[in-house]
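S.K.: Pasting in a structure now, in structure tokens, and then I'll have a few things to ask.
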Amino acid sequence: IDRADPGLMLGYLGDRAARFDGAWFRTGDLGVMREDGAITYAGRRDDVLTAGGFRVSPVEVEAAMMTCAGVEDTAAVDHRLAPDTSVIALHYAADLALDEAALRAHAGAHLARHKQPRVYVHHPSLPRNANGKLLRRALRADNETGS
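Here is the structure:
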């Protein structure tokens, strides 16, 4: 989602190029324009996952897995298996760890194969900041340290 408007700010102090391309402000947000002209938010550009050579929106994976019985919250992130190989990991919040076969079956019924998580990690709750924003970086760090 990019935007041009004469009322936009001129830039960031000391780093105009950070988000601007000419008169366009690069928000870093992704969206899909529907036929009626409304824009549906699809996540952040820097959160897009790559799986099997395909670009995958974590928002799509999370929305599909939120419909799984017992799942209270979700976060899809890259899980690095090797320096040049990563898969989708689903971090989920639930009272108790859920049966991984049931999670895989649910993903298989609701997501294309390349969008299905390969790793499932249970948490009592997912890390969020004071504003309620998901802290994906903390989950990625968990993946790298094996926590």
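Everything in the sequence shown is counted per our numbering, starting at 1353 for the first residue and increasing by one.
Just so it is clear, CB atoms sit at the ideal spot from N, CA and C, and this is done for glycine as well.
Just so it is clear, the structure is predicted and the values come from calculations on it, not from any experiment.
(1) Less than 8 Å between the C-beta atoms of V1429 and R1470, yes or no?
(2) Quick one: Cα of A1390 to Cα of V1473, how far?
(3) Taking R1456 as part of the beta strand (DSSP E), name the residues at either end of that continuous run.
(4) Return helix, strand or coil for D1430, following the three-state DSSP convention.
(5) Go to A1445, then tell me how far its beta strand (DSSP E) extends in each direction, as first and last residue.
(6) Please classify D1388: is it buried, with 16 or more other beta-carbons within 10 angstroms of its beta-carbon, or exposed?
(7) Quick check on L1486: buried or exposed, where buried means 16 or more other Cβ atoms within 10 Å of its Cβ?
(8) Let me know if D1436 comes out buried or exposed under the rule of 16 or more other beta-carbons within 10 Å of its beta-carbon.
M.R.: On the basis of the supplied data:
(1) no
(2) 35 Å
(3) Per DSSP, R1456 belongs to no beta strand (DSSP E); it is in the alpha helix (DSSP H), 1452-1462.
(4) strand
(5) 1437-1445
(6) exposed
(7) buried
(8) exposed
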